[in-house]
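Protein chains: 2
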Amino acid sequence: MKAELAMKAEKLDADDELAGKRAEFVLDEVVYLDGNSLGALPANVPGRVEDVVLRQWGRLRIRSWDESGWWTAPERIGDRIAPLVGAAAGQVVVGDSTSVNVFKAVVAAIRMAESAEPAGSGRDEILVDATTFPTDGYIAESAARMTGRTLRPVTPAEVPAALSERTAAVLLNHVDYRTGRLHDLPSLTAAVHAAGAYAVWDLCHSAGALPVGLDEHGVDLAVGCTYKYLNGGPGSPAYLYVRRDLQDRFDSPLPGWNSHADPFGMRGDFTPADGAPRGRVGTPDILSMLALEAALEVWDGVSIEAVRAKSLALTDFFLECVAAYVPEGRVESVTPVAHGERGSQVALRCEGAGDVMKALVEHGVVGDFRRPDVLRFGFTPLYVGFADVERAARVLGQVLARSA
Amino acid sequence: MKAELAMKAEKLDADDELAGKRAEFVLDEVVYLDGNSLGALPANVPGRVEDVVLRQWGRLRIRSWDESGWWTAPERIGDRIAPLVGAAAGQVVVGDSTSVNVFKAVVAAIRMAESAEPAGSGRDEILVDATTFPTDGYIAESAARMTGRTLRPVTPAEVPAALSERTAAVLLNHVDYRTGRLHDLPSLTAAVHAAGAYAVWDLCHSAGALPVGLDEHGVDLAVGCTYKYLNGGPGSPAYLYVRRDLQDRFDSPLPGWNSHADPFGMRGDFTPADGAPRGRVGTPDILSMLALEAALEVWDGVSIEAVRAKSLALTDFFLECVAAYVPEGRVESVTPVAHGERGSQVALRCEGAGDVMKALVEHGVVGDFRRPDVLRFGFTPLYVGFADVERAARVLGQVLARSA
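Quick mapping for you: the protein sequence lines, in order, are chains A and B. For the first sequence, our numbering begins at 12 and goes up steadily by one. For the second sequence, our numbering begins at 12 and goes up steadily by one.
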């Protein structure tokens, strides 16, 4: 069985059109299945960061705001992310953390809903994914509190029934961070629109792993981080998408000088910039941002459809290997089997998951542990191969057999 | 005259106890008087950043959140900044931009004022420095709008008279970004407190240049950037100070998962962390943050009083050299002469200032231009010497003599 799966892995790797991308990352003997938490280091990043520090900052200093393109980096890098999430240029801006961008997006969506209706017509409710990554819920609660709305947590499946003429905005995760479940962005967005509300999507666990299609599906606003499947580095800045025809109505709760129409005019009154820069706030963190810009170059020539196909093949193969190697009844997948409902990770419920993950890491297989009992494995198609997958499942089987 | 001032510069440099610090920065033949916009590169930063990228991210990857101290960096680096602004440990946290921190601080101050009074007692006004760096005003306006308060712009001199039982919070700049005027933090803070309101100070142009004394003067909340006199690099993260006895009442408008009492509990309900971490929001930008941490090491063994003494000597000497070298009537200083009212910069009003600054830069003297007619020169005591000052004024005199 082992020989059979190892041979199958070899064949799958040989046929993998993305296999060459692996050389563009700094990797070692570890099987790294935690790229859904922190992506591996792209090989071109260290040299770029050195140039930013030594030449751009060290020698050009203040001149780099113009000469090294620092000032325009948030939009320029946004335009690099745009095709990965199915957006035309001019709609994505990079900066701040995901949490801060959730705040901008949810407040802006509430204000859009308010401005679209007769005064006092009462769109007073915000729906939020009850299974969401907690920060989205905390921030949405703050947005609701500060705008006098009520936050109503519902599961994504309950959203269509929960929508009403009271709904102002809906905040949803494209892929659930814990289970890896992929939610139906096109149909949920359509349902939100049919109710006259605005849809805000969190793409943290989908961007770079599968097609998102923001423009195609008419998403209103979206946010995402860049340190998972986009490999931007620890805490690299997040991004904000505002659909082009909504940009004039994007009324930010964080109108910093970077989002002013004339930032160097130093005017006392605020006039928002047109387009994507309206989503900016303060001075962007250039080191992290330009590391991200270098990291995004690994996507040159890569189709997100090919990435998705490989992602599904990787998770399918992992489930197959787990079934073969892991003693019966020791783990249970909480990630959907249906391709249409699966992101790029597999989450296994497992007794003693914390200790099991420690043992896996000691044996060179890195995933992560989510309380109380979940082993989480992320599969980054750009640098994870099928032999890695076979090895990870085999080591998991050995660890669980030993602790039986 | 020239020989005399050059000799004086030589003597001042010889007597400068901070002269040795210059070697800890990457400098060249340029006279860099723009450290109040972007501080020069500390020499130990490139090596640190390389280690963060290649070893911490590249090799340890996700393990670095614990093993490389990434998770605790915001408080740890806050504690490094604390003594520079006169704060005991545990009150400063690093992260986000200055603008985002102004939003947290002003909203939190409004909520403190509200919670301290009987309901509906009507502290409905926010005072903001009308001469402030614009982003503070824009953000304060948003904070006022989102909390149902009124923003009232006044000059710092008008603050005492403007304070009343209606005042909830006051946002002030310690040093004016344009004129270099130092405002009287102790007496303004006392006046704010006497009115029962909360004082929020923006330290962008004072921290690292002069003593601030946050604890000593009972400041409630403060924010500041780290890329000016603290040399943290382009867009390095800002910081937030919340006085210890107010931390339990710090009710953040941006309650991200990083500020949760149990961030990895992934709970649906928000319970704020105790202490400085309550000011965090989302995942911190590690590259920029750890570059800043290295940059702060140049402060080891430096007293901020010595920095202040040198800063005043530098600006005094610059004004003396300008008076000697610059043709009569071509520039007018808008920076106060009195030491007690001067920050660490000199702003000269000058006809055609934009072109004059271009010529200065071409001749190796870098300051900056602020519309409509201000030449701004910042003096960073850690790496600017008196010979630099003499040369800058001499070149300015030559440029203006030529264009006469």
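Glycine included, C-beta positions come from ideal geometry on N, C-alpha and C.
Cβ-based burial, lysine 321 of chain A [other Cβ within 10 Å; buried from 16]: buried
CB contact below 8 angstroms: phenylalanine 388 of chain B versus chain A: no
Those runs of the beta strand (DSSP E) which lie wholly inside the region 327-413 of chain A and span at least 3 residues: Within the region 327-413 of chain A, the runs of beta strand (DSSP E) at least 3 residues long that lie entirely inside it are, in chain order, 342-344, 356-361, 379-381, 385-389.
Chain-ordered neighbours of phenylalanine 275 of chain A on chain B, where CB pairs are closer than 8 angstroms: Those within 8 angstroms of phenylalanine 275 of chain A in chain B are Arg382.
Chain A residues whose Cβ lies nearer than 7 angstroms to that of threonine 161 of chain B: Within 7 angstroms Cβ-Cβ: nothing; threonine 161 of chain B doesn't reach chain A, min ~16 angstroms.
Members of the region 139-167 of chain B that neighbour chain A once the beta carbon cut-off is set at 8 angstroms: Ala141, Phe144, Pro145, Thr146, Gly148, Tyr149, Ile150, Glu152, Ser153, Met157, Thr158, Pro164
Rounded Cβ spacing between threonine 158 of chain B and isoleucine 121 of chain B (contact assumed at less than 8 angstroms): 5 angstroms
Collapsed DSSP secondary structure at tryptophan 212 of chain B in the structure displayed: strand
Own chain residues within Cβ distance below 7 angstroms of threonine 190 of chain A, not counting five before or after: Val345, Thr346, Ala358
Simplified DSSP assignment, three categories, for histidine 204 of chain B: helix
Range covered by the beta strand (DSSP E) that runs through alanine 305 of chain B: It is not in any beta strand (DSSP E) - alanine 305 of chain B instead sits in the alpha helix (DSSP H) that spans 297-307.
Buried versus exposed, by CB contacts within 10 Å (16 or more), glycine 290 of chain B: By the neighbour-count rule (16 or more Cβ atoms within 10 Å), glycine 290 of chain B is buried.
Residues that glycine 246 of chain A contacts on chain B, provided the C-beta gap is smaller than 7 angstroms: Thr294, Pro295, Asp296, Ile297
Residues from the region 61-73 of chain A in contact with chain B, defined by Cβ distance under 9 angstroms: Under the 9 angstroms Cβ criterion, the region 61-73 of chain A contributes Glu61, Val63, Val64, Leu65, Gln67, Trp68, Gly69, Arg70, Arg72, Ile73.
Residue-chain proximity (leucine 232 of chain B, chain A), Cβ-Cβ < 8 angstroms: no
Glycine 101 of chain B - DSSP class collapsed to helix/strand/coil: Correct three-state label for glycine 101 of chain B: coil.
Proximity below 8 angstroms, CB of isoleucine 137 of chain A to CB of alanine 168 of chain A: no
Test item: CB-CB of glycine 375 of chain B and valine 41 of chain B under 8 angstroms: yes
Cβ-Cβ distance between histidine 194 of chain A and leucine 182 of chain A below 8 angstroms: Going by C-beta atoms, histidine 194 of chain A is not nearer than 8 angstroms to leucine 182 of chain A.
Burial state of arginine 413 of chain B (16 or more Cβ within 10 Å): Counting Cβ neighbours within 10 Å, arginine 413 of chain B comes out exposed, since fewer than 16 surround it.
Amino acids of chain B, ordered along the chain, whose beta-carbon sits closer than 8 angstroms to that of glycine 279 of chain A: Ala141, Pro145, Gly148, Pro164
Phenylalanine 275 of chain B versus tyrosine 188 of chain A: straight-line alpha-carbon distance, rounded: 13 angstroms
Cβ neighbours of proline 441 of chain B in the same chain (closer than 7 angstroms, five flanking residues each side left out): Here chain B has residues from 12 to 415 only, and residue 441 of chain B is not among them.
CB of proline 266 of chain B within 8 angstroms of CB of serine 108 of chain A, strictly: no
Min CB distance glycine 224 of chain A to chain B below 8 angstroms: So no, glycine 224 of chain A is outside the interface.
Where the beta strand (DSSP E) containing isoleucine 73 of chain A begins and where it ends: Where isoleucine 73 of chain A is concerned, there is no enclosing beta strand (DSSP E), given that its DSSP letter is neither H nor E.
Residues sharing a beta bridge with aspartate 417 of chain A, DSSP: Chain A is shown from 12 up to 415; residue 417 of chain A falls before or after that span and cannot be answered.
Boundaries of the alpha helix (DSSP H) in which leucine 44 of chain B is found, first to last residue: No alpha helix (DSSP H) contains leucine 44 of chain B, which DSSP labels as neither H nor E.
The region 112-126 of chain B: positions lying closer than 9 angstroms to chain A by Cβ: Asn112, Val113, Phe114, Val118
The alpha helix (DSSP H) enclosing leucine 16 of chain A, as first and last residue numbers: 13-25
Alpha-carbon to alpha-carbon, leucine 44 of chain B and arginine 22 of chain B: Position check: residue 22 of chain B holds lysine in this sequence, whereas arginine was assumed. If I take the Cα positions, the gap works out to 21 angstroms.
Closest by C-alpha distance to glycine 351 of chain B, when choosing among B:Gly235, B:Glu331, B:Thr326: B:Thr326
Distance cut-off 7 angstroms: valine 60 of chain A Cβ against heavy atoms of the ligand GTP: This structure lacks the ligand GTP; in fact it carries no ligand of any kind.
Candidates B:Leu371, B:Thr294, B:Gly243, of which the one nearest valine 64 of chain A by Cα: B:Gly243
Nearest neighbour of arginine 87 of chain A, chosen from A:Leu307, A:Ala30, A:Arg72 [CA to CA]: A:Leu307
Proximity to alanine 17 of chain A [Cα-Cα], best of A:Tyr336, A:Glu362, A:Ala370, A:Val367: A:Tyr336
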